[in-house]
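Below, the structure is given as structure tokens:
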């Protein structure tokens, strides 16, 4: 019957991931930037369902449960008061993903991500218990496979993989690091080896950097795995933002994060290049993360249509390389209905008072630093003042 | 009972419009760029309903029927084969707008826009008949008021107003022109006077230019109306794209239109400035057009919250000036939870190989030019070749 | 015998001006930015002579005496202590210009410019006396013609022209204004008419704006003169800096003035476009001001070589459109030895953290404002503090 | 008596180099871009002498003979017909450097640079004979020390050092490479070790990259030398152009080279940062190459005035951090007479249609490639056509 993720990848098929829920739903009014928690799954299921549908229609094969940062320690962090329990949110998210997956050939992937507990130096046992709680819901709801994603420290990702692995479900593991490696300085190649050894069948990168940087980093992971004589499938789910100026912490350090990233948004044509580059690098699980809207995933599916053998449903509203423009009223816009026009265009920012690159913040703090400690209480004004001052003198 | 649009404006209240449906739904996979027709109202009502809800939640008072370019001559243009009739599309759009309006205090506005018939030099009688067909649906569905929007030639807008006016419903009229005036060279001030004389109670600008340019143009209209000793309310529904480099035809002429406008997208902070500027200019119907996503409308509603006395529902997922960042895990991001940070930031484009402004196409053709003639048949490859060559030598 | 400036212009010949001495000599270490006074003529004659020679060699027909700001009231302003008298400086400048002019077919032009006295509201009689002192030297040294240049207020320029006119020498008058007119709001057209009526045979623009803006302003002057039924010759001597972002006070208001203008410097190819545009506008006295180095003037002379019938001496070290590159060792650089390469290139700034435009200072103060008053004593630290604070809060 | 270069460096003193003669004199009209040969030393001695004087006045301790590319094989390359022999040019250059050096405390350095012979795969004996011919003049004219500079291949530089070393004069060796190493892939650290072993007492980098990149590369050289247990002095003479986008061949590969580099020119404030960074890196011979004008060298000397104990002569026309602006007439310009203003300014390019970075040409050809072969005859039109076509398809 229905082939699951490893069967597809083993057969050399392309598996297209979905885009970024937290950023898309933040813009639609259902997610709060700061906590970034996914209570909308329980609170506004119609909004989450609609976004799943749009990605399915755009060509995504994977419906990832909207459970990013849905661990209990994160849901309760810094005064984030929610009216739903962690279990309710995780269950609702599974139901929505499954409902829409069943409308097409979608696979449901249950996802866990990095925890404030780890950054606060909690023990391996405590951190693993956090993952286990989400996992219990995923098993009850019978997701098709599991993704441990958005880890800045490979050690925490290994712990997550070890927990997920016990279920017998296929496990994918994806770090949010760049070519410089994880925040403890472990190289991408070594990270990949450790994740494979921990039990992940699919390894790769998501978030924090732009598509080309993420593909480059996955290549380094693949090199590492191959040099170690191991085998794996590879995944990439990058940002839809250009980040030529990022340091090792990625776009979090950019002064524009998270409310002024607009000028950096990739066009659909940038996505064509990304999809081709990822495919040529031997990556077969190709999706997106923050910033990816349905039309970005559609562009990935359109670029890879020759390999996949079909166009996604939403291409009926597009046409190859924007061929819909042949119907435009203005003749000079009809003149843009061709591939070489869009491939060669260097789009202007429309912002003559703005630079093209930023100097990223680089406070250089990570796991264990006081200011990174988890706290249940809301950040106080006094705590903020210290940060504001530090930022000014910075 | 429930105050309608003129009662609100007469009382000095702010009326917030919604954002741009064709561009938002194009990115979601339901509208085809080129024809830009709104068949999604009948084809994918769940997607249109969801977008209405997001704008309502973001603070919009007006649910504009998704009937842009839903005139029969446009629905059939250049090989655009649709499985729904014009009447079906217009009716479905009215039902969706009313359904969501009733979930809050929303007003339903039935909208008509410029026609290929006018550009093809059809007679006044023919063009008016086009508007009349859409209007019959609006009356049957009992919309609250009418908007004639997106007209490049004031003459066609006057014809539309004259038709709409016969219904007795309040009429708003909005041109897509800039400070240089309409495409026949009529100044904004004179355009406004002619629209008021034709019967419009609300006049203004939508689309084609960025917020500050549109506000500037509405000011010129207001000056014209006041100098003529007339009275009107004013509206503005600009692009959410920066367009410092546009000529008289606006963003259509930009090389980036419509598929590479990303770097020009306004941030929410740009929208705060826009809302304040519009309010200070005496404009009280303040909304958005192409590029406006729900979070842009929310920013308008947040800026004007002191005047309106309340925040929109979606602000529960935002906080004033991004205060939600107080809950962010990373301390340097918490340090961004303040107004002056975002007000003074000049966001980088992340595109070091791209310029900040473009040289717009300026073919200088409009009403009556051969290449603008309406045709039912699809554009042929030969017709395209002529345009491609013209574009290259351009 | 030797044709003088009016004879050449009457014959329809092109007269090429020289470039900007104060800026070029500031970079060479002989002029102090701030006072901008020309004591180098007496102090370091070898440096001034060499620069004259370079402009002559580059194709300039006019050797302008290095007497900018050499009026006594300016030489003594704000603590500028000089070891030479005004008379010594003016005389030395005349001798140097004549010496080099005699090495070719150069004409010597004696120049006066705006005075601190005018800005400090001194009387017409006082201001005219200032001009008269410089003029006495020019007559003694028998310059070929006179230029009243760099006036922000047409009234002061008229006074200068009236004084110069009494000598019987040909008089050129050149304002440092843009399309918005002089600092009292007099339009370029009206300014030109007033200058012609005051006795100037040549009128135009120098400094403060980039070449295309200056040419545009001279066109407005020409229109004004022709509409008034008068006749004149036209001159233009613009900046060699791009100034798309300037207000009415020109580049003085740019935050980069005067020590960070480098990214704005025009290339030689920009100069080709300028020379052609100026010629097409009917301007025949075409030169440069601040920022113009010898190679910029050479580019003007090369562009106009077909009309003039010869190349300048310095072109022996260039070749048409950079043909010298045919001798370059690297093949990809030889591939740049062609006109279309340079004509179409859009040069990068190499500064990814910098914007493409600036927000100009616009203090909006001019003649008569306290802070503009002339003073002999050095600016005190207390006076500076007031300005620094004003600038910060700005 | 008078301390020479090694005595000064051994004593820990700063030795300031001069700037770039070929680029400065190209703009003044005396050097032809393409061949870049220094015949001006014999042809227009007054222009070369004046430039030496400006650098001396700006604070330079070293008068480098204007003998770059003055080897006979280069003087005769590709149809470059000169009226002076190589010996005449080299002799004239030595005389000019000595004449000006004697006007202050200047040292005369005789310079040789890379040869077309090496790129054309001539033998070690042939290449060394080329260097020997220039050297004979330097010895006859008794220069103070020798510089082998602008080598892209460390092997050729070693040959040059071996030849120079035989004279007993101090030898400095400077490569035009970046952090990626020489064009055969030898790392900066290894290059430095080889140069020291060949006999150079001073090693470093000149040309091809911007100041910060060159300093970074010299640091890598220093690391290499120290790890090898050797000792040397270090020198740096970078471009005055920002080159963030260069590959291993440096600015030659930039599309803007050599005629549209203007927007990349460093400001004097950039030079302050450079001088401090170089000093902090332990470099004591600090100068400039292409693009460095006298005011750039003055900025280096002003930044290092506290360490040197004096300001250069030309600072009398500047003032610390532009203090001369205290004398400016306009108050908002006086408000710029302070260090923090200029240190924090990010200058705009004034070019809104231009990007901030370029995609460099990267033909990837070097020593031995057909198109790099030396030829005495002028490049033919047929040869050029091949290059133009290659460039277009590129």
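Protein chains in written order, with my numbering: chain S, 1 to 394; chain X, 1001 to 1394; chain G, 2001 to 2394; chain E, 3001 to 3394. Every residue gets a Cβ at the ideal spot worked out from N, C-alpha and C, and that includes glycine.
In the structure shown, residue 1071(X) falls within a coil segment according to DSSP collapsed to helix, strand and coil.
Residue range 2171 to 2175 is occupied by the beta strand (DSSP E) that includes residue 2174(G). Taking 8 Å as the Cβ-Cβ cut-off, the stretch 2347 to 2364 of chain G approaches chain E at 2347, 2348, 2349, 2350, 2351, 2352, 2353, 2354, 2355, 2356, 2357, 2358, 2361 and 2363, given in chain order. Within the DSSP bridge table, the entry for residue 3113(E) names 3149(E) as partners. Taking the CA atoms as reference points, residue 2209(G) sits about 27 Å from residue 3025(E). A straight line joining the alpha-carbon of residue 3149(E) with that of residue 3161(E) spans about 10 Å. Taken in chain order, the complete alpha helix (DSSP H) segments of 4 or more residues contained in the stretch 1186 to 1213 of chain X are 1188 to 1198. Shown here, residue 2233(G) sits in a strand according to DSSP, grouped into three states. Identification of chain X residues near residue 118(S) by a Cβ-Cβ cut-off of 7 Å yields none; the smallest Cβ-Cβ distance measures about 11 Å.
Close to residue 1085(X), with beta-carbon spacing below 9 Å, lies no residue of chain S; the smallest spacing is near 19 Å. Going by C-alpha positions, residue 301(S) is about 15 Å away from residue 280(S).
Per DSSP, reduced to three states, the secondary structure at residue 96(S) is helical.
In the DSSP assignment, the residues bridged to residue 108(S) are 63(S). Note that the stretch 3107 to 3121 of chain E touches the stretch 3134 to 3150 of chain E; at least 3 beta-carbon pairs, one per stretch, sit closer than 8 Å. Of all C-beta pairs linking the stretch 2036 to 2045 of chain G to the stretch 2066 to 2083 of chain G, three or more are shorter than 8 Å, placing the two stretches in contact. Spatial neighbours of residue 1119(X) in its own chain (CB-CB distance under 6 Å, excluding positions within 5 residues in sequence) are listed in chain order as 1367 and 1372.
One thing to note: residue 2289(G) has its Cβ within 8 Å of the Cβ of residue 2239(G). Residue pairing from DSSP leaves residue 2130(G) without any beta-bridge partner. When only Cα atoms are considered, residue 3278(E) and residue 71(S) end up about 50 Å apart. If you draw a 10 Å sphere on the C-beta of residue 195(S), you find 16 or more other C-beta atoms in it, and that means buried. Within the stretch 1223 to 1277 of chain X, the beta strand (DSSP E) runs of at least 3 residues that lie entirely inside it are, in chain order, 1233 to 1237. Listed in chain order, the beta strand (DSSP E) runs fully inside the stretch 303 to 368 of chain S amount to none, counting runs of at least 3 residues. Pairing residue 3185(E) with residue 207(S), the inter-Cα distance amounts to about 34 Å.
At least 8 Å separates the beta-carbon of residue 334(S) from that of residue 315(S).
Against chain S, the CB of residue 1294(X) has a partner CB under 8 Å away; the residue lies at that interface. When CB distances to chain S are screened at a threshold of 8 Å, the residues of the stretch 1219 to 1245 of chain X falling below it are 1241, 1242, 1243, 1244 and 1245, in chain order. Just measuring C-alpha positions, the residue of 3308(E), 3163(E), 3102(E) and 3295(E) sitting nearest residue 3321(E) is 3295(E).
Inter-residue distance for residue 3103(E) and residue 3010(E) is about 24 Å (C-alpha atoms, whole angstroms).
When secondary structure is reduced to three states using DSSP, residue 1079(X) falls in the helix class.
Just so you know, the alpha carbons of residue 2193(G) and residue 1220(X) end up roughly 32 Å apart. Within the DSSP secondary-structure output, residue 1016(X) pairs in a beta bridge with 1286(X). Residues of the same chain with a CB within less than 8 Å of the CB of residue 187(S), apart from the 5 flanking positions on each side, are 181, 220 and 224 in chain order.
Shortest Cα-Cα distance from residue 18(S) to any of 264(S), 57(S), 136(S) and 374(S) involves 57(S).
In the structure shown, residue 3168(E) adopts coil according to DSSP, grouped into three states. Straight-line measurement puts the Cα of residue 35(S) at about 6 Å from the Cα of residue 1328(X).
Contact annotation: residue 3167(E) and residue 3139(E) have beta-carbon atoms nearer than 8 Å.
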